[in-house]
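Asks: Residue numbers (UniProt numbering), protein chains in the order written: chain A, 1 to 643; chain B, 1 to 643. For each residue, glycine too, the CB sits at the ideal point set by N, CA and C. If you're wondering where the values come from, they're calculated on a predicted model, not measured in any experiment. This is the structure I have questions about; it appears just below.
There are 2 protein chains.
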Amino acid sequence: MSDGSEDFNGNISRTGSHRQTDHHGYKVRFPPAKGLFTELAEGVKETFFANDPLREYKDQPRSKKLWLSLAHLFPVLDWARSYTFGMFKGDFVAGLTIASLCIPQDIGYAKLAFLPAHVGLYSSFVPPLIYAAMGTSRDIAIGPAAVLSLLLGTLLQEEIDPVKNPYEYSRLAFTATFFAGVTQAMLGFFRLGFIIEFLSHAAIVGFMAGAAITIGLQQLKGFLGIAKFTKKSDIISVMESVWGNVHHGCNWQTILIGASFLAFLLTTKYIAKKNKKLFWVSAIAPLISVIISTFCVFITRADKQGVAIVKDIKQGINPPSFHLIYWTGPYLVKGFRIGVEAIAIGRTFAALKDYQIDGNKEMLALGTMNIVGSMTSCYVGTGSMSRSAVNYMAGCKTAISNVVMAIVVMLTLLLVTPLFKYTPNAILASIIINAVVSLVDYETAYLIWKVDKMDFMALLGAFFGVVFASVEYGLLIAVAISLGKILLQVTRPRTALLGNLPRTTIYTNVEQYPEATKVPGVMIVRVDSAIYFTNSNYVKERILRWLRDEEEQQQEQKLSKTEFLIVELSPVTDIDTSGIHALEELLKALEKRKIQLILANPGPAVIQKLRSAKFTELIGDDKIFLSVDDAVKKFAPKSALNV
Amino acid sequence: MSDGSEDFNGNISRTGSHRQTDHHGYKVRFPPAKGLFTELAEGVKETFFANDPLREYKDQPRSKKLWLSLAHLFPVLDWARSYTFGMFKGDFVAGLTIASLCIPQDIGYAKLAFLPAHVGLYSSFVPPLIYAAMGTSRDIAIGPAAVLSLLLGTLLQEEIDPVKNPYEYSRLAFTATFFAGVTQAMLGFFRLGFIIEFLSHAAIVGFMAGAAITIGLQQLKGFLGIAKFTKKSDIISVMESVWGNVHHGCNWQTILIGASFLAFLLTTKYIAKKNKKLFWVSAIAPLISVIISTFCVFITRADKQGVAIVKDIKQGINPPSFHLIYWTGPYLVKGFRIGVEAIAIGRTFAALKDYQIDGNKEMLALGTMNIVGSMTSCYVGTGSMSRSAVNYMAGCKTAISNVVMAIVVMLTLLLVTPLFKYTPNAILASIIINAVVSLVDYETAYLIWKVDKMDFMALLGAFFGVVFASVEYGLLIAVAISLGKILLQVTRPRTALLGNLPRTTIYTNVEQYPEATKVPGVMIVRVDSAIYFTNSNYVKERILRWLRDEEEQQQEQKLSKTEFLIVELSPVTDIDTSGIHALEELLKALEKRKIQLILANPGPAVIQKLRSAKFTELIGDDKIFLSVDDAVKKFAPKSALNV
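Set out below in structure tokens:
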């Protein structure tokens with residue numbers, strides 16, 4: 001490499017510029033060039049190990065390191081030692097509360113994924129136990145979740161008809177769950193959790209609201225007791241389907257049950273919102289609704305009068321399902337694709353709330369949990385947002401609340417499932433509608449509208465995509481908008497014209513600070529981004545446009561001509577060959593107009609690359625200053641006198 | 001909207017902070033909130049009309065506007081009025097020179113696209129005439145180009161076998177050319193030219209070098225006189241094919257012709273490089289080679305001894321081909337896909353050299369030219385880099401040199417094509433090898449290696465992708481690397497710890513300036529990017545990591561504890577809801593550690609959004625300063641005294 005052979009050592013020796021008007025003796029410095037390996041290693045570290053996970057291991061004996069690794073994999077080892085009875089009391093109450101909430105939800109969510117009701121319950125038994133040992137979050141409640149169930153159902157039914165081939169359908173569901181788990185575990189193990197950071201908050205809020213509406217619409221089937229319902233999820237198909245069936249007459253008993261209990265549930269939710277201490281009212285309301293409505297149906301035998309009931313619920317705990325997973329054939333590939341897709345999306349929404357402490361560690365725990373789940377007749381589970389909130393409010397202390405919940409679910413499976421046979425579908429529809437209402441986060445939507453109109457457009461795009469087309473389409477829109485915003489950000493960085501705040505050495509954006517005055521004969525431009533191939537042309541053109549605008553103004557107002565262009569590089573963290581090329585072109589264009597190019601405060605990476613590309617020689621070392629003020633002090637007085 | 005209702009007008013009234021130690025009276029300002037429409041309009045303008053194309057139209061009468069629009073579409077109207085005989089002399093010489101270069105190249109490039117030789121010549125007749133009327137560049141030379149021909153050939157032969165079904169093949173080629181033209185014209189019309197800015201310079205250099213090697217390898221067929229040659233383009237398949245045929249013996253006459261003329265061509269190229277004035281030697285060398293070798297073959301009837309010759313060359317100018325384009329059926333879709341793909345790639349490489357004045361205008365001209373070309377038996381043409389360079393050096397003044405070239409090609413087609421029948425394929429191979437040698441830009445590659453090691457990796461990736469896999473695969477790698485770099489840039493922005501340069505008010509990166517000293521009790525961090533959902537979590541974590549590192553150091557060296565964290569926001573051009581959320585979390589984390597959060601110099605967009613989200617109220621207006629120096633002056637002395 002050609003570094004270090006030059007005759008200046010570590011800073012630009014502005015020869016002949018010692019008589020400059022700088023008020024101090026500082027010069028632009030650049031650190032020694034880093035080798036390829038160092039640069040690569042640092043890049044990898046910042047990308048994958050941004051949270052510095054090995055910090056604890058530093059300077060520890062080997063046995064301690066082993067223990068730390070084990071405790072890293074199974075955090076239970078860490079907190080179990082300090083577990084007290086007082087903590088158990090909290091966990092016990094919380095566990096019971098979330099169990100009462102999850103049992104009816106599980107049955108409903110399983111239906112959303114077109115799976116038998118007991119599979120939903122299975123998924124709240126084994127996975128929470130695995131998570132309790134490996135997870136890092138205290139108050140997350142594990143089990144099936146609404147949006148993920150909807151998504152899995154949508155993806156699976158495109159491959160196999162759940163009504164005609166329920167056996168193959170559930171096999172594919174377990175296969176997809178297995179690969180979802182593998183994907184999660186891999187992402188966690190290879191520390192690729194950061195990949196999900198590419199969906200914007202606004203797009204997620206819009207998508208979630210859209211998904212909530214879609215799930216709600218799907219519930220109209222159970223709510224109105226419609227037998228033949230569309231398989232599509234967009235609002236128009238659903239409304240047509242509803243309209244067609246309404247003409248044929250609905251089952252009034254079903255509607256009565258659904259509507260009265262929905263009103264009950266929403267009332268308890270409202271009460272809980274008004275008085276946080278009464279959160280348990282809304283938490284146990286679903287179970288109470290199920291019990292009362294089941295009892296009513298059983299007594300009146302309303303199912304004989306057309307009220308649809310759960311029926312197909314099996315007794316007993318999870319049977320093994322290892323042999324059901326497709327290990328060969330075309331469904332292996334399909335299961336893989338669906339699993340990866342479901343988890344890529346599910347992961348995204350996990351990031352919305354602040355439940356994750358160490359994203360990558362959490363992914364590993366969730367992944368292992370789903371792998372084991374797929375072999376014990378469970379479908380994809382994750383942390384449920386609504387139940388996690390209840391868990392927290394019910395005073396959970398550790399992941400033991402999940403264990404309590406799992407045990408309750410187990411007892412339910414062993415003892416009381418036969419009773420659920422007479423549970424009307426309408427009540428499950430009401431419970432799901434009640435649960436997804438809170439996914440419509442209109443407060444955040446309003447905040448986004450206030451803060452950033454463009455972001456709000458992204459939100460609307462994702463929302464209408466889900467509601468009017470499909471979940472996948474809405475997601476596509478969300479991703480496209482998010483990526484588009486990123487790309488726009490890097491192709492069209494902001495630039496600002498700077499002026500001096502009188503009696504200070506501060507140079508600021510003249511648009512923001514009208515009191516900042518321009519220095520006669522000098523134009524100061526700040527570029528607010530790294531200069532890369534994506535924006536190098538634009539930056540050059542934009543600077544020349546500032547100059548043209550300035551010149552027009554000068555002609556009109558008969559001011560002195562611009563003789564110096566100072567480019568403030570403080571925010572320019574990096575530059576590449578295209579960027580340097582653009583600077584060279586800028587220099588040429590300025591030379592034609594007899595304007596001198598001056599650079600202020602280039603950062604370490606920038607000055608080093610400018611030097612490697614010999615741009616510092618081209619422009620002249622005496623044209624590079626530590627601050628705008630230094631540069632102005634050197635050049636401005638002269639030119640101002642020239643007027 | 002909630003703007004303007006607050007009781008401060010346009011600046012944060014730091015109540016109670018008037019006794020602050022600021023040495024001036026300036027406060028952080030924010031401009032009035034912009035409406036949705038203004039914001040949208042400005043965004044569209046900066047994205048699509050960054051070069052402000054309507055500047056000329058301002059304040060002009062209607063007739064003038066019409067004339068400007070016409071002249072905008074047909075720049076010939078503009079420059080034709082000032083065309084002189086002196087200019088024509090330059091154009092005439094340049095036109096003859098590029099004609100002598102393009103005739104043999106066209107025949108060779110057509111073979112690269114698996115099209116008959118005369119189609120190559122057709123493509124140098126009609127398209128240059130259209131371009132001359134509509135193009136903006138003076139020295140671009142229009143016609144078939146090496147990489148684009150290779151790419152079109154690769155894409156087309158995947159659909160139709162050019163040997164078995166030459167008629168259908170050429171029909172698909174015209175269809176693809178038509179849609180390539182439409183795509184170009186649309187991109188130009190809708191000002192989407194900026195889309196191509198997403199391929200990094202390094203990836204393009206690597207791809208081009210790889211394509212040159214691939215094209216060179218393909219020429220071994222003609223060069224060695226191999227009859228059965230692999231259809232794959234990767235180096236391993238080609239080498240196996242060559243090796244297999246070498247065993248069966250080669251045609252020594254073919255190799256003799258190819259090798260001797262390649263030596264001649266490379267020698268002339270070297271001479272031209274050493275002495276720029278002798279560029280014409282290398283420019284006419286190909287035509288001379290063709291004439292001499294054709295004459296030799298004709299005299300010795302070497303074709304009877306196994307020397308492959310061009311043979312299938314038709315006399316006469318372009319026949320119409322409108323009826324040959326697939327307007328219906330599956331090939332319509334395929335032709336569309338290939339055309340779009342070819343142009344998306346071709347466009348990318350056009351940006352490499354600085355031939356474009358107005359990218360979008362140029363696209364419109366090239367698109368129209370290809371649409372007309374597809375109806376007159378031409379295949380996709382563009383500006384050839386090597387011929388454009390010759391055109392410039394030969395002293396072209398306007399696009400008339402393209403007209404001269406077109407006329408020479410027309411005369412060739414009408415009068416002398418029968419003579420090309422005996423041109424040996426080996427000579428065409430030599431000419432193409434000679435032409436693509438200059439695509440291997442090792443000087444730039446070396447510069448990239450010097451400036452940025454990571455960029456060089458991207459270059460190598462694209463290069464080896466093309467050479468060892470295929471053109472498409474190489475391109476995929478190039479795009480993936482380029483996009484990956486952009487995404488990495490936005491997820492992992494740089495941050496820097498700042499220190500004060502003694503005796504100044506300047507705060508700079510302590511890594512770059514070891515003389516910068518930290519202020520006791522105060523940590524100053526600068527974030528070097530807009531804070532968006534992509535990086536908000538990382539930025540928060542990174543700041544907390546700086547803090548942890550600092551605290552460890554303080555414990556070791558028994559220094560005073562950090563009490564104030566100043567975040568310098570000058571480079572933070574924008575923030576979104578995720579970013580604000582991250583700041584809120586940072587504030588919470590700091591409150592736990594009893595550290596005060598202070599913001600310095602937020603830009604207009606940032607302060608406005610912080611205010612909309614009420615973060616300014618949360619942190620307190622007296623914690624927001626115009627500069628780091630102001631903040632330090634207010635807080636540092638106190639804390640320093642606390643030691």
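Would a C-beta distance cut-off of 8 Å place residue 615(A) and residue 576(A) closer than the cut-off?
Replies: Contact flag unset, no.
Asks: Along the chain, which unbroken stretches of the alpha helix (DSSP H) at least 4 residues long are found entirely within the region 273-342 of chain B?
Replies: 279-300
Asks: For a cutoff of 8 Å on Cβ pairs, would you count residue 233(A) as touching chain B?
Replies: Among the residues facing chain B, residue 233(A) is not included, as its CB has no counterpart in that chain under 8 Å away.
Asks: Closer than 7 Å by beta-carbon distance: list the chain B residues that pair up with residue 625(A), in chain order.
Replies: In chain order: nothing, as chain B lies at least about 11 Å away.
Asks: What residue does the alpha helix (DSSP H) around residue 237(B) start on, and which one ends it?
Replies: In the DSSP annotation of this structure, the continuous segment of the alpha helix (DSSP H) that includes residue 237(B) starts and ends at 235-247.
Asks: Counting only the same chain and skipping the five closest in sequence on each side, list residues whose C-beta sits under 7 Å from that of residue 139(B).
Replies: If we look at residue 139(B) and ignore the five residues flanking it on each side, its Cβ neighbours are 388, 391, 392, 396.
Asks: Given a threshold of 16 other Cβ atoms within 10 Å of its Cβ, counted over all protein chains shown, does residue 218(B) qualify as buried or as exposed?
Replies: buried
Asks: Within 10 angstroms of its Cβ, does residue 355(A) collect 16 or more other Cβ (buried), or is it exposed?
Replies: Only weak support exists for where residue 355(A) lies, its pLDDT of 42 falling under 50; the value from the coordinates is given anyway. It counts as buried.
Asks: Determine which residues share a DSSP beta bridge with residue 424(A) and list them.
Replies: 309(A)
Asks: Excluding the 5 residues preceding and the 5 following residue 439(B) in the sequence, name in chain order all residues of the same chain whose CB lies nearer than 6 Å to its CB.
Replies: 208, 212
Asks: Could you have a look at residue 491(B) and say whether DSSP puts it in helix, strand or coil?
Replies: helix
Asks: Rounded to whole angstroms, how far is the Cβ of residue 257(B) from the Cβ of residue 427(B), which I believe are closer than 8 Å?
Replies: Correct: roughly 6 Å between the Cβ atoms.
Asks: Which bits of chain A does residue 26(B) rub up against, with CB to CB less than 8 Å?
Replies: Going along chain A in sequence order, the residues near residue 26(B) (Cβ under 8 Å) are 501, 504, 506, 513, 515.
Asks: Based on Cα-Cα distance, which residue from 490(B), 469(B), 26(B), 67(B) lies nearest to residue 237(B)?
Replies: 469(B)
Asks: What's the C-alpha gap between residue 584(B) and residue 510(B)?
Replies: 27 Å
Asks: Between the region 395-413 of chain A and the region 164-177 of chain A, are three or more C-beta pairs nearer than 8 Å?
Replies: no
Asks: Report yes or no: do three or more beta-carbon pairs, one from the region 514-526 of chain A and one from the region 593-611 of chain B, lie closer than 8 Å?
Replies: no
Asks: What is the DSSP secondary structure of residue 467(B), reduced to helix, strand or coil?
Replies: helix
Asks: Would you check if there are 3 or more beta carbon pairs closer than 8 Å linking the region 119-138 of chain A to the region 70-80 of chain A?
Replies: yes
Asks: Whose Cβ in chain A lies nearer than 7 Å to the Cβ of residue 603(B)?
Replies: 509, 512
Asks: Relative to the C-alpha of residue 588(B), which residue among 431(B), 164(B), 619(B), 569(B) is closest?
Replies: The residue with the shortest Cα to Cα distance from residue 588(B) is 619(B).
Asks: How would you list, in chain order, the residues of chain A whose beta-carbon sits under 9 Å from the beta-carbon of residue 136(B)?
Replies: Under the 9 Å cutoff, chain A gives no residues; its nearest Cβ is about 15 Å from residue 136(B).
Asks: Please report how far the alpha carbon of residue 547(B) lies from the alpha carbon of residue 565(B), in whole angstroms.
Replies: 9 Å
Asks: Could you tell me whether the Cβ atoms of residue 369(A) and residue 131(A) are closer together than 8 Å?
Replies: Cβ atoms of residue 369(A) and residue 131(A): closer than 8 Å.
Asks: Which residues in the same chain have their Cβ closer than 7 Å to the Cβ of residue 384(B), if we skip the five residues on either side of it in sequence?
Replies: 141, 143, 145
Asks: Mapping the DSSP letters down to three states, classify residue 568(B) as helix, strand or coil.
Replies: In the structure shown, the three-state DSSP call for residue 568(B) is strand.
Asks: If we call anything under 8 Å between Cβ atoms a contact, is residue 586(A) one with residue 540(A)?
Replies: Yes, the Cβ-Cβ distance between residue 586(A) and residue 540(A) is below 8 Å.
Asks: Is it right to say residue 634(A) is buried, meaning 16 or more other beta carbons lie within 10 angstroms of its own, or is it exposed?
Replies: Classification of residue 634(A): buried, given that the 10 Å Cβ count is 16 or more.
Asks: What are the residues of the region 457-486 of chain A that lie near chain B, defined by any Cβ-Cβ distance shorter than 9 Å?
Replies: If the cut-off is 9 Å between Cβ atoms, the region 457-486 of chain A has 457, 482, 483, 485, 486 near chain B.
Asks: Count the other CB atoms, across all protein chains shown, that sit within 10 Å of the CB of residue 500(A); report buried if there are 16 or more and exposed otherwise.
Replies: buried
Asks: Under three-state DSSP, which class holds residue 670(A)?
Replies: Chain A is shown only over 1 to 643; residue 670(A) falls outside these bounds and no answer can be derived.
Asks: Residue 573(A) versus chain B: which residues are under 8 Å apart at the beta carbon?
Replies: 493, 494, 528, 529, 571
Asks: Could you please give the first and the last residue of the uninterrupted beta strand (DSSP E) stretch that includes residue 607(A)?
Replies: Element bounds for residue 607(A): not the beta strand (DSSP E) but the alpha helix (DSSP H), 604-612.
Asks: In this structure, does DSSP put residue 401(B) in helix, strand or coil?
Replies: helix
Asks: Are the Cβ atoms of residue 112(B) and residue 215(B) separated by less than 8 Å?
Replies: yes
Asks: Please tell me whether residue 609(A) has its Cβ less than 8 Å away from any Cβ of chain B.
Replies: yes
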